[in-house]
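**Student:** In my numbering, the protein residues as written are 7 to 193.
Submitted below is the structure of interest, expressed as structure tokens.
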């Protein structure tokens, strides 16, 4: 069995995560170039998400593996970005950093979604991953938050406020959807 091109792009994104993590964790002010390398890797991974989604839709390459791997790749990238950037925040030149509560809100939502998806799959033996408009907006603002921090954008906290709002709204929406799915399958 061969992988579709869209799935190969998704796997590239998963493989890029450890490289991204290393570039962030090895960052220090004397190696400021690593901040831009990290931003480049992150941006390339985000772009690859857009590309694999487009390819899967355009050339009808949607697969069950892709439906599961794509959101996992997204969660791995974003969770590792928020955690790593929090851990090295004191090394950044301007000192702009994610507050702990912000990282906990973002990471908790994604962890709950992954756990819920695992529970649904374990109970039903199948999982249909369908992102919502709130989930897409959340991802957009999470990506902007990470990029704003790398670029040390002075008003990043405004983006973070929107990120938290969309993260909470989408988290509640996914939680409600998961409970509904579990209630239907248990009936």
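From the three backbone atoms N, C-alpha and C, an ideal C-beta is built for every residue, glycine too.
(1) Near residue 174, which residues of its chain fall below 6 Å by C-beta distance, leaving aside the five closest residues on each side in sequence?
(2) Rounding to the nearest angstrom, what Cα-Cα distance links residue 12 and residue 136 in this structure?
(3) Between the alpha carbons of residue 76 and residue 55, how many angstroms are there, rounded?
(4) For residue 14, tell me which candidate among 69, 109, 182, 163 has the shortest Cα-Cα distance.
(5) Just the C-alpha distance for residue 140 and residue 32, rounded to the nearest angstrom, thanks.
(6) Could you tell me how far apart the beta carbons of residue 187 and residue 119 are, in whole angstroms, since I believe they sit closer than 8 Å?
(7) Rank 168, 43, 10, 158 by C-alpha distance to the C-alpha of residue 60 and give the top, closest one.
(8) Residue 109 by DSSP, collapsed to three states: which one?
(9) Would a C-beta distance cut-off of 9 Å place residue 111 and residue 84 closer than the cut-off?
**Tutor:** Working from what's here:
(1) Numbered from 1 along the chain shown, position 168 holds the residue referred to as residue 174. Taken in chain order, the list of residues that qualify is empty.
(2) Here residue 12 refers to the residue found at position 6 when the chain shown is read from its first residue. Here residue 136 refers to the residue found at position 130 when the chain shown is read from its first residue. If I take the Cα positions, the gap works out to 17 Å.
(3) Here residue 76 corresponds to residue number 70 of the chain shown, with the count starting at 1. Here residue 55 corresponds to residue number 49 of the chain shown, with the count starting at 1. Taking the straight line from one Cα to the other gives about 8 Å.
(4) To locate residue 14, count along the chain shown from 1; it is residue 8. The shortest C-alpha separation from residue 14 is found at 69.
(5) One-based indexing of the chain shown puts residue 140 at position 134. One-based indexing of the chain shown puts residue 32 at position 26. About 34 Å.
(6) Position 181 of the chain shown holds residue 187. Position 113 of the chain shown holds residue 119. With 8 Å as the limit, residue 187 and residue 119 do not qualify as a contact, their Cβ atoms being about 13 Å apart.
(7) The count along the chain shown starts at 1 and reaches residue 60 at position 54. Residue 60 has its Cα closest to that of 10, out of 168, 43, 10, 158.
(8) Walking along the chain shown from the start, residue 109 turns up at place 103. Shown here, residue 109 sits in a helix according to DSSP, grouped into three states.
(9) Looking up residue 111 in the chain shown gives position 105. Looking up residue 84 in the chain shown gives position 78. Contact annotation: residue 111 and residue 84 have beta-carbon atoms that are not nearer than 9 Å.
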